[in-house]
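Each position in the sequence shown, counted from 1, maps to that position plus 4 in this note's numbering. Each residue gets a CB set at the ideal place from its N, CA and C atoms; glycine is no exception. So the structure is just underneath, and the comments pick up after that.
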Amino acid sequence: MSEKEVLSVIRGQEDAIAKGDARANVDAMDPDVVIFDLPPPLAYRGEQARDIEGINAWFATWRNGVTVHMTDPRLMIDG
């Protein structure tokens, strides 16, 4: 993937999160994804990271929705 394509995926996930769309958020994730987050267990792998019910439950904890935006993403693409 090019840098432009990777940034498009990132922006798509940001948009999905802002809309509370768990399905669109996980659709861009590889089945073997590893996500690092603040709540324990800190690292979520594969299906645990792609847990739509869990993501929807997390969305429900926010009164006015969630906004995520990388202000200055730096990408290193190899291959």
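Quick one: what's got a C-beta closer than 7 Å to Asp41's C-beta in the same chain, skipping five residues either side?
Tyr48
Name the DSSP bridge partner or partners of Val38?
Arg49
Please classify Ile21: is it buried, with 16 or more other beta-carbons within 10 angstroms of its beta-carbon, or exposed?
buried
Hey, is the stretch 72-82 in contact with the stretch 48-60, meaning 3+ C-beta pairs nearer than 8 Å?
no
Please list, in chain order, all residues of the same chain as His73 whose beta carbon is under 6 Å from its beta carbon, the five residues on each side excluded.
Glu18
I believe Phe63 touches Ala32 by the beta-carbon criterion, under 8 Å. Please report the beta-carbon distance rounded to the nearest angstrom.
Actually they are not in contact, since the Cβ atoms of Phe63 and Ala32 sit about 17 Å apart, beyond 8 Å.
C-beta neighbour in chain D for Asp55, strict 9 Å
Absent from the structure: chain D. Only one protein chain is present.
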